[in-house]
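Residues in the sequence shown are numbered consecutively from 1, following the numbering used here.
We put the beta carbon where it would ideally sit given N, CA and C, even for glycine.
Computed from a prediction, not measured in an experiment: that's the story for all the values here.
First comes the structure, then the notes that go with it.
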Amino acid sequence: MPRENIWLKAIIAIHDTTLGPALGGTRMWNYDNEEDALRDVLRLSKGMTYKNAAAGLNLGGGKAVIIGDARTDKNEGMFRAFGRYIEGLSGRYITAEDVGTTEADMDTIYQETSYVTGKSKAFGSGGNPSPVTAYGVYVGMKAAAKEAFGTDSLENKRVAVQGVGNVSFELCRYLHKEGAQLIVSDIYEPSVKRAVDAFGAEVVNVNDIYDVECDIFAPCALGAVINDDTIGRLRSKVIAGAANNQLKEQRHGDLLHEKGFVYAPDYVINAGGVINVYDELLGYDRDRVMKKVEGLFDSMTKVFDVSKRDKTPSYKAADRMAEERIASIGAVQKSYLKGRRIFMSLNYDLVIIGAGTGGT
């Protein structure tokens, strides 16, 4: 990437805006090709629609990806140019931090558009949402434990944490404080060492984390880790973690149900972060945020109750709950707002950005 020019290759996907403007983070990842990036952003944007709906937020779902290496390709011009594209969407998409982007990157985007959350506290926001996301996962994990073991206590429970990034490190802090036994893996050695030093965690190879004898498996890295190759290896009763899109395919959620796993649907359990950034749009209040995040225990319990009542996998129960909310609000819009709607319901509206000095 030439430093004398500003190069930006990105995709913004707006999946649905029935409940409000589409909100979802910007991921920076060194995809092998544009097709992989497109596939990822479409899947992630749909996930945000369901996450925002399930969390009870007045938001639709969207996502953005910037194609590039987050460690070597970043520069101020890139993010300011990206902010201008977001501004050009006139509020239909609101961005936030995600894998490969930081609070500082959001501050840079903010120089060009107000449609950004997850900024630093200096700009009146809640700052890094990772601790809040982690708390939500912790609360949801306790609900899953109650479903599986009859108690929400995590004391002496063996929890295998796949990936020790910003969110999962904070999750480990909560688990360690309650007395859980931690087993961790990560491709990045300093992250593993940090968890060992802070929490006395046991370490296993990244390829062996699925085989660990544990009570709870917590996928907290990238998605699609619940698949044909891994389901048969899992030794836990509960699957509950921070990663997005944990199921490689929906049928893998069916398999988990058939095998008796208690699976916490990812977009329900990891909604703490989006609850945190949504509150910035209201005028950030930390106490209000934490109270709403604590409600994820009840949300997760309701998912399990619907799953048992309807004899359906938990991911389908969560989907149904989100879809029912979207459908009910969509019906209100059609009946009463008609042409006066500000945010029309969309299906995969895409903005593909390729910007540079040469007009690419």
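Taking 7 Å as the threshold (C-beta atoms), are V159 and L175 in contact?
yes
What are the complete beta strand (DSSP E) segments, minimum 3 residues, inside the segment 202-258?
216-219
Excluding the 5 residues preceding and the 5 following K146 in the sequence, name in chain order all residues of the same chain whose CB lies nearer than 8 Å to its CB.
D152 and T301
Cβ contact check for the segment 206-218 and the segment 113-130: 3 or more pairs under 8 Å:
no
Same chain, Cβ closer than 6 Å to A322, five either side skipped, listed in chain order:
Y50, A53 and A54
Find out if the Cβ-Cβ distance for the pair V99, K63 is shorter than 7 Å.
no
Checking 7 Å against the spacing of the C-beta atoms, do L296 and G61 come in under that value?
no
Applying the 10 Å Cβ sphere with the 16-neighbour rule, what's the burial state of A355?
Any reading at A355 must be qualified, since the residue scores a pLDDT of 49, below 50, and its modelled position is unreliable; no value is offered.
Our contact map puts G25 next to A96 with C-beta atoms below 8 Å; I'd like the distance itself, whole angstroms only.
4 Å
Measure the Cβ-Cβ separation of E76 and T101 and say whether it is below 7 Å.
no
Helix, strand or coil: which one does DSSP assign to A145?
helix
DSSP state of A318 mapped onto helix, strand, coil
helix
Going by C-alpha distance, which of F199, K9 and I86 is nearest K74?
K9
Thinking just about the alpha-carbon of each residue, which of E112, C220, R251 and L255 is nearest to the one in G241?
C220
Across which residues does DSSP place M28 in a beta bridge pair?
I66
Is I94 helix, strand or coil when you go by DSSP?
strand
Using only alpha-carbon positions, find the residue among K237, L182, R286 and V203 that is nearest to E189.
V203
How would you label K81, buried or exposed, when you count the other beta carbons within 10 angstroms and need 16 or more for buried?
Looking at the sequence provided, one finds Ala at residue 81 rather than Lys. Looking at its Cβ environment, which holds 16 or more other Cβ atoms inside 10 Å, A81 is buried.
Assumed close pair G366, N245 - CB separation to whole angstroms, cut-off 8 Å:
Outside the shown range of the chain, which is 1 to 360, sits residue 366, and nothing can be said about it.
Close-in-space but distant-in-sequence residues of the same chain around L256 (CB under 6 Å, 5 per side omitted):
Y263
For a test of the three-state rule: what should DSSP assign to V164, helix, strand or coil?
coil
Apart from the five residues on each side of it in sequence, which residues of its chain come closer than 6 Å, Cβ to Cβ, to P313?
G253, D254 and H257
State buried or exposed for L282, treating a residue as buried only when at least 16 other CB atoms are found within 10 Å of its CB.
exposed
Taking buried to mean at least 16 other C-beta atoms within 10 Å of its own C-beta, is Q111 buried or exposed?
exposed
Candidates R233, Q162 and K334: closest to I187 by CA position
Q162
Exposure label - G20; buried when at least 16 CB within 10 Å
buried
Cβ of A37 within 7 Å of Cβ of I67?
yes
Need the endpoints of the beta strand (DSSP E) that K9 sits in, please.
L8 to D16
Quickly, what does DSSP pair S185 with across the bridge? List them, please.
Q162
Is the beta carbon of Y284 less than 7 Å from the beta carbon of G126?
yes
Would the beta-carbon of I275 fall within 7 Å of that of V293?
yes
Under 7 Å Cβ to Cβ from F30, same chain only, skipping five residues before and after it: list those, please.
With the sequence shown as reference, residue 30 is identified as Asn, and Phe is not the correct amino acid for it. The answer, listed in chain order, is G68 and D69.
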